[in-house]
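Undergrad:
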Amino acid sequence: DQQVKQNSPSLSVQEGRISILNCDYTNSMFDYFLWYKKYPAEGPTFLISISSIKDKNEDGRFTVFLNKSAKHLSLHIVPSQPGDSAVYFCAASPTSGTYKYIFGTGTRLKVLA
Amino acid sequence: SAVISQKPSRDICQRGTSLTIQCQVDSQVTMMFWYRQQPGQSLTLIATANQGSEATYESGFVIDKFPISRPNLTFSTLTVSNMSPEDSSIYLCSVEVSRGQTRYNEQFFGPGTRLTVL
């Protein structure tokens, strides 16, 4: 039972354009969501997060949108740069206070120069 | 943030043997986590390791197969015991770093250990 889903395994975007990575979840108890970026041979790096009391959080070129009614979040990268090419994981944390993260399967983003 | 190192970075092991993976953090942290990422899969939490207490294992993972030590606030080890090819994965440790808020913290990951079992 995959509680956090990233249905697009890969995405290619032209440099300078917007990248939109999507994530769906099934558990309504999730209240904190994160995006991680992973380069080959490295561990995931925290990118941006959002709590369920917000619907948008912005950090530079990165914006995360949360639609609780649809149980959907998305990461927007604008403008996209070749250095953004990586695998992006979304993760969700439940309200149980256990601090456990449930990760999606990842989306491989390729930004074309 | 926290700087996390893991040893070894990769290894190729024979079936039936065991491998111990080390995780070192540059600051004292309460909560450390061990994850596994099988090929093409998401990161799956194996166990939570708090200093001074037994590790808490997730469903599907048992102490006999993945014994964990947490001797102090900066170090932990994960052993993959009696390995089979199905254990071929990337194993990652992570730590939780508080941003001063009681509920919302981020986990920072080590570089991972790529294990191949023949």
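Keeping their order, the protein sequence lines are chains A and B.
The first sequence begins at 1 in our numbering and counts up one residue at a time.
The second sequence begins at 1001 in our numbering and counts up one residue at a time.
Ideal Cβ placement from N, Cα and C applies to all residues, glycine included.
#1: Figure out for me which residue from B:G1016, B:E1058 and B:L1019 has the closest Cα to the Cα of Y1035 of chain B.
#2: Between the region 1030-1043 of chain B and chain A, which residues of the former have CB atoms less than 7 Å from a CB of the latter, in chain order?
#3: Can you pull the chain B residues whose beta carbon is under 7 Å from the beta carbon of T105 of chain A, in chain order?
#4: With DSSP as the reference, please indicate the residues paired to L21 of chain A in a beta bridge.
#5: Pop quiz: T26 of chain A and Q3 of chain A are said to be a contact at Cβ under 8 Å. What is the actual Cβ separation, rounded to whole angstroms?
#6: Listing by chain order, which chain B residues have their CB less than 8 Å from the CB of E42 of chain A?
#7: Which first and last residues belong to the beta strand (DSSP E) in which R108 of chain A is found?
#8: Spell out a yes or no on whether the region 102-109 of chain A and the region 20-39 of chain A are touching, meaning 3 or more CB-CB pairs, one atom from each, closer than 8 Å.
#9: For Q1041 of chain B, is the beta carbon positioned less than 7 Å from some heavy atom of the ligand MG?
#10: Is there a Cβ of chain B sitting closer than 8 Å to that of Y25 of chain A, yes or no?
#11: Quick one: does E1106 of chain B have its CB under 8 Å from some CB of chain A?
#12: Taking 6 Å as the limit between beta carbons, can you name the residues of its chain near G16 of chain A, skipping five residues before and five after?
#13: Quick test of the definition: if touching needs 3 or more C-beta pairs under 8 Å, does the region 30-46 of chain A touch the region 62-73 of chain A?
#14: Against chain A, does L1115 of chain B count as a neighbour if the rule is that its beta carbon must be under 8 Å from one of theirs?
#15: Helix, strand or coil for P1085 of chain B, going by three-state DSSP, please let me know.
#16: Going by beta-carbon coordinates alone, are R1070 of chain B and A1047 of chain B separated by less than 8 Å?
#17: Applying the criterion that 16 or more other CB atoms from any shown protein chain within 10 Å of the CB defines a buried residue, is P40 of chain A buried or exposed?
#18: Please list, in chain order, the residues of the region 1074-1094 of chain B that have any C-beta partner in chain A closer than 7 Å.
#19: Is L1118 of chain B close to chain A, meaning its C-beta is less than 8 Å from at least one C-beta of that chain?
#20: With 16 as the cutoff for other CB atoms within 10 Å, does E58 of chain A come out buried or exposed?
#21: Over what stretch of residues does the beta strand (DSSP E) that includes K38 of chain A continue unbroken?
#22: Whose C-beta lies closer than 6 Å to the C-beta of P1067 of chain B among residues of the same chain, with five residues either side of it excluded?
#23: Strictly under 8 Å for the Cβ-Cβ distance: is L34 of chain A near chain B by that measure?
TA: So, to answer that:
#1: Within the second sequence, numbered from 1, the residue matching residue 1035 of chain B stands at position 35. Residue B:E1058 holds the alpha-carbon nearest to the alpha-carbon of Y1035 of chain B among B:G1016, B:E1058 and B:L1019.
#2: Cβ contacts with chain A come from M1031, Q1041, S1042 and L1043.
#3: Walking along the first sequence from the start, residue 105 of chain A turns up at place 105. Contact note: T105 of chain A reaches chain B through Q1041 and S1042, using a C-beta cutoff of 7 Å and chain order.
#4: Residue numbering aside, residue 21 of chain A sits at position 21 when the first sequence is read from its first letter. As DSSP reads the structure, L21 of chain A sits in a beta bridge with A:L75.
#5: Here the question's residue 26 of chain A lines up with position 26 in the first sequence. Here the question's residue 3 of chain A lines up with position 3 in the first sequence. Contact flag correct, Cβ pair sits at about 5 Å.
#6: As a first step, residue 42 of chain A is located in the first sequence; it is residue number 42 there, counting from the start. When 8 Å is used as the limit between beta carbons, E42 of chain A is near these residues of chain B: P1111 and G1112, in chain order.
#7: The residue you call residue 108 of chain A lines up with position 108 of the first sequence. Counting along the chain, the beta strand (DSSP E) containing R108 of chain A begins and ends at T107 to L112.
#8: Yes, they touch.
#9: The ligand MG is absent from the structure shown, which contains no ligand whatsoever.
#10: Along the first sequence, read from residue 1 onward, the residue named residue 25 of chain A stands at position 25. Taking CB atoms only, Y25 of chain A has no neighbour in chain B less than 8 Å away.
#11: Position 106 of the second sequence holds residue 1106 of chain B. Taking Cβ atoms only, chain A reaches closer than 8 Å to E1106 of chain B, which makes this a yes.
#12: Residue numbering aside, residue 16 of chain A sits at position 16 when the first sequence is read from its first letter. The answer, listed in chain order, is P79.
#13: In this structure the region 30-46 of chain A lies against the region 62-73 of chain A, because at least three pairs of beta carbons, one per stretch, are closer than 8 Å.
#14: In the second sequence, residue 1115 of chain B corresponds to position 115, counting from 1. False, the Cβ-Cβ gap to chain A never drops below 8 Å.
#15: For this step, residue 1085 of chain B is matched to residue 85 along the second sequence. P1085 of chain B: helix per DSSP, three-state reduction.
#16: Taking the second sequence and counting its residues from 1, one reaches residue 1070 of chain B at position 70. Taking the second sequence and counting its residues from 1, one reaches residue 1047 of chain B at position 47. Going by C-beta atoms, R1070 of chain B is not nearer than 8 Å to A1047 of chain B.
#17: Position 40 of the first sequence, counted from the start, is the residue given in the question as residue 40 of chain A. It is exposed - the Cβ of P40 of chain A has fewer than 16 other Cβ atoms within 10 Å.
#18: Near chain A, meaning a CB-to-CB distance below 7 Å, the residues of the region 1074-1094 of chain B are L1092.
#19: For this step, residue 1118 of chain B is matched to residue 118 along the second sequence. Not flagged as an interface residue toward chain A: L1118 of chain B, since no C-beta distance is shorter than 8 Å.
#20: As a working note, residue 58 of chain A is residue 58 in the first sequence. Note on E58 of chain A: under 16 other CB atoms within 10 angstroms of its CB, so exposed under the neighbour-count rule.
#21: Your numbering for residue 38 of chain A matches position 38 in the first sequence. Note, K38 of chain A: beta strand (DSSP E), F30 to K38.
#22: For the purposes of this step, residue 1067 of chain B is taken as the residue at position 67 of the second sequence. Within the same chain, P1067 of chain B has close Cβ partners T1079.
#23: For this step, residue 34 of chain A is matched to residue 34 along the first sequence. Residue-level contact check: L34 of chain A touches chain B, since one or more beta carbons of chain B fall below 8 Å from its beta carbon.
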